[in-house]
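Student:
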Amino acid sequence: MRTRLDAVVTVRERGEEKALKQVVEAEARAQAAAERAEALRQASRVDHRRKGSVATWELTELAHVRAVGEARRAEQEAEHARRQVAKVRVVYTAAHQQAEVVRRVAEARRDEQRKALERAEDKQLDEVASLLWYRKVG
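Going by our numbering, the sequence shown opens with residue 8, and the numbers climb by one from there.
1. Taking the beta carbon of Y99 as the centre, do at least 16 other beta carbons fall within 10 Å, making it buried, or is it exposed?
2. For A37, count neighbouring C-beta atoms within 10 Å of its own C-beta (all shown protein chains included) and say buried if the count is 16 or more, exposed if not.
3. If you run the structure through DSSP and keep just helix, strand and coil, what is H55?
4. Check whether the segment 77-85 and the segment 43-61 touch, using three or more Cβ-Cβ pairs below 8 Å as the test.
5. Run through DSSP, which three-state label would R80 get?
6. Note down the Cα distance separating A102 from E23, rounded to an integer number of angstroms.
7. Where V61 and A26 are concerned, what is the direct C-alpha to C-alpha distance, given to the nearest angstrom?
8. Does L12 come out as helix, strand or coil in the three-state DSSP assignment?
9. How long is the line joining the alpha carbons of R96 and E84, rounded to whole angstroms?
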């Protein structure tokens, strides 16, 4: 059975699907950022200093400082991505709740329509039964 709310349900479900897609994408970005941050953190922990000239040590130390800086930036990006996931989940939760409310109202309306049809059918069957009984008796 169709109700006038079916169009609203469709719109709300599209919004819910869009929000869910955003959650999935944000989680994928957060996962990639976390993996990148972990890889850079591990790379920054490696000591590449070897026996050699001061210039080599200086270059190695400069590369290490750069690697530590990149690891920090990657960690900040990962944290930003985690915050974005939290924001998008809030949006999805709201969209899901709105869609669920409309779905429940539409289902309640369908139940009302079904009950009204059943009452009308019962009334017609009662009338037919009464007519048949009066014919039989009369």
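Glycine included, C-beta positions come from ideal geometry on N, C-alpha and C. Values in this document were obtained by computation on a predicted structure and should not be read as measured data.
Tutor: By the coordinates alone:
1. buried
2. buried
3. coil
4. yes
5. helix
6. 5 Å
7. 56 Å
8. coil
9. 18 Å
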